Every structure is written in structure tokens, then in C-alpha cells.
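K.L.:
In full-length UniProt numbering, the protein residues as written are 1 to 268.
Let me begin by handing over the structure; questions about it come next.
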């Protein structure tokens, strides 16, 4: 049986390098479709364009306009394919209007060394049973952000004060993460995970939809099945924008993905 993620990112080839996709309304957050989901859809199309190199290694996306649920088209162009990597450009559009443009390097992580050596320290999260389930969010929050229904998130109680009107001011949110249907996240799915948690500005007392301008993701390894640990931080809000740095750690304690995005300050 296909997972929810596979169903919602399913593509239909319409021409050489072009696919049709139906953007599912379950991925809406605030004023548009979640940027991580859009990147996952594009990432799936890129993987189909270079099947011998199915995994994202470095992906940079620019968000040009807010996407809405419904039909969309994804076009890809292989710019270089040789050796262990391929470079591909892609665009997702609706009714001729570009929503997101991507430049990506893909390879086969299974053919690369599977060790991950890092001086980074994994997020220190309490046990699952001591964390706060995202399903406890108020009905109003879930109504404007149905994307939350796609995930099983268990938030660190030390990072959830914003939900009770008492943000810590540290600019840090972290949680245990898995798909709501228990489907294990693959390397393309990590593109989505890096934009799955609420905007880190919530912890600064600035709630609301935060439109992404640019998102870059580095995927470092195929995640081991099981719960992921996801950590978002920001250190600077300036010019009406903020950066959000994300780390994703797998159940084996490996740093499997990193990202940085530049987003607009929430509009409330």
C-alpha cells in the first residue's frame, strides 16, 4: 500500500522532462502550500530525471510565488550527468506562473561511504512520552495549518512555551518527528522534513505564516528507519527577514540532513 507521502507526491509524465502533479490541500499552512512539500515534489521529479542518481545531495530552491492546492506542472532539465553526480534544474508552476525554481546535485548515497563523522552534537530531547504531541494543538491552529496532520511530532517541552503564550526568546524549536502513517522518510523526504516544524520565530513571540524566500538543503546519508530528531534555530531577525537553520538526525544518531532558509518575518 502506498504511503500518504508517495500518494501526495505522485507524478504523471506528460512530456519529456515534464510531469503533472496534484498538490494536496493537506499540505497547506497559512497563506500557501508548505515549501518543504513543494521541494519534495520537485525533488521526486528530479530523481526520476536521473534514475541512476536518485538521492539529493545539495538542493537550492527559490520560492517565487505562493502555491495553492490543485494541478501543477514540474519541468526538469539535466544540466550535467557524469561520474558520481548529476546537476539538474527544475521548476514547479501553476497556470504558467512559476512557484519554485530549483538547482540540485543528485547522486547515489548508497554507493558512498555510510559513515557520518561530525563535531555537531545531536539534539538532546526528553523521551517521547515526556514530550508534547503536535496533535494537542488548538483546533484553530490545525484549521489554518492542516499540514500538521501529516506528521507525528513530539515537541521538547522546553521549546513549546510559545504555544502557551510564553515563548522562550531563544529562537529554538526541536522535536521528535515521523510521518503520521509511520512511513519511514527517505532522502527525498528529508527535503520536506527540513521545513516541517513551525517557524522558529514562534519561539521569539512572533507567530504566523513565514513565507520562505530561499531554502538550501544538504542531504548527508540515507536515514536509518525510525524516529527522527529535528532541530530549528535562528540567531538573527533583520530587515523583515530571518534565517532558520535545521539539523535532522536519524534513529542511529547520525546527522543526515542540514538546511538553511531565509524567510520573511511572520505577518501574524
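Beta carbons are placed, not taken as given, at the ideal position from N, Cα and C, and that holds for glycine.
What you are looking at is a predicted structure, and each value in this text was computed from that prediction instead of being measured.
Hey, would you say residue 173 sits closer than 9 Å to residue 151, going by beta carbons?
P.N.:
Looking up residue 173 in the chain shown gives position 173. Looking up residue 151 in the chain shown gives position 151. Not a contact, by the Cβ cut-off of 9 Å.
K.L.:
Under DSSP, the alpha helix (DSSP H) around residue 8 begins and ends at which residues?
P.N.:
In the chain shown, the residue the question calls residue 8 occupies position 8. Residue 8 -> alpha helix (DSSP H) spans 4-8.
K.L.:
When the Cα of residue 227 is compared with those of 191, 102, 182 and 88, which residue comes out closest?
P.N.:
Sequence index remark: in the chain shown, residue 227 carries index 227 (1-based). The option with the nearest alpha carbon to residue 227 is 182.
K.L.:
Helix, strand or coil for residue 70? Go by DSSP, reduced to three states.
P.N.:
By 1-based counting over the chain shown, the position of residue 70 is 70. If DSSP states are grouped into helix, strand and coil, residue 70 belongs with the strands.
K.L.:
Please list, in chain order, all residues of the same chain as residue 25 whose beta carbon is under 6 Å from its beta carbon, the five residues on each side excluded.
P.N.:
Residue numbering aside, residue 25 sits at position 25 when the chain shown is read from its first letter. Answer for residue 25: 69, listed in chain order.
K.L.:
Measuring only the C-alpha atoms, how far is residue 234 from residue 257?
P.N.:
On the chain shown, position 234 is the one that residue 234 refers to. On the chain shown, position 257 is the one that residue 257 refers to. Each residue's Cα considered, the two are about 17 Å apart.
K.L.:
Does DSSP put residue 148 in a helix, in a strand, or in coil?
P.N.:
Working through the chain shown from its first residue, we reach residue 148 at position 148. Helix, per DSSP.
K.L.:
What span of residues does the beta strand (DSSP E) with residue 196 cover, start to end?
P.N.:
Along the chain shown, one-based indexing puts residue 196 at 196. From DSSP, residue 196 is part of no beta strand (DSSP E); its letter is neither H nor E.
K.L.:
My assumption, with CB atoms under 8 Å, is that residue 57 sits in contact with residue 85. Please give the rounded CB distance.
P.N.:
Here residue 57 is taken as the residue at index 57 of the chain shown, counted from 1. Here residue 85 is taken as the residue at index 85 of the chain shown, counted from 1. Going by Cβ atoms, the distance from residue 57 to residue 85 rounds to 7 Å, so yes, they are a contact pair.
K.L.:
State the DSSP-derived secondary structure class of residue 248, mapped to helix, strand or coil.
P.N.:
Along the chain shown, one-based indexing puts residue 248 at 248. Looking at residue 248 - three-state DSSP - the assignment turns out to be strand.
K.L.:
For residue 232 and residue 96, I'd like the C-alpha separation in whole angstroms.
P.N.:
Here residue 232 refers to the residue found at position 232 of the chain shown. Here residue 96 refers to the residue found at position 96 of the chain shown. In a straight line, the C-alpha of residue 232 is about 34 Å away from that of residue 96.
K.L.:
So, with DSSP's three-state summary, where would you put residue 269?
P.N.:
Summary: the structure shown does not reach residue 269, with the chain confined to residues 1 through 268, and so no result is reported for it.
K.L.:
Residue range of the alpha helix (DSSP H) that residue 49 falls in?
P.N.:
As a first step, residue 49 must be located in the chain shown, where it is residue number 49. Start and end: 35-49.
K.L.:
Work out the CA separation of residue 44 and residue 102 for me, nearest whole Å.
P.N.:
One-based indexing of the chain shown puts residue 102 at position 102. One-based indexing of the chain shown puts residue 44 at position 44. About 12 Å.
K.L.:
Assign residue 187 to one of two classes, buried (16 or more other C-beta atoms within 10 Å of its C-beta) or exposed (fewer than that).
P.N.:
Residue mapping note: residue 187 aligns to position 187 of the chain shown, counting from 1. So residue 187 counts as buried.
K.L.:
According to DSSP, is residue 52 helix, strand or coil?
P.N.:
Reading the chain shown from its first residue, position 52 is the one you call residue 52. Reduced to three states, the DSSP call for residue 52 is coil.
K.L.:
Would you check if the distance between the CB atom of residue 11 and the CB atom of residue 20 is smaller than 9 Å?
P.N.:
Along the chain shown, read from residue 1 onward, the residue named residue 11 stands at position 11. Along the chain shown, read from residue 1 onward, the residue named residue 20 stands at position 20. Yes, the pair counts as a contact, with Cβ atoms nearer than the cut-off.
K.L.:
Work out the CA separation of residue 122 and residue 109 for me, nearest whole Å.
P.N.:
Against the chain shown, residue 109 aligns to sequence position 109. Against the chain shown, residue 122 aligns to sequence position 122. Their Cα atoms are separated by approximately 21 Å.
K.L.:
Determine the direct distance from the alpha carbon of residue 83 to that of residue 184, and round the result to whole angstroms.
P.N.:
Here residue 184 refers to the residue found at position 184 of the chain shown. Here residue 83 refers to the residue found at position 83 of the chain shown. Roughly 29 Å separates the two Cα atoms.
K.L.:
Going along the chain, which unbroken runs of the beta strand (DSSP E) with 3 or more residues stay wholly within the stretch 199-241?
P.N.:
Counting whole runs of 3 or more residues, the stretch 199-241 contains the beta strand (DSSP E) stretches 212-219 and 228-233.
K.L.:
For a test of the three-state rule: what should DSSP assign to residue 161, helix, strand or coil?
P.N.:
Reading the chain shown from its first residue, position 161 is the one you call residue 161. Residue 161 falls in the helix class under three-state DSSP.
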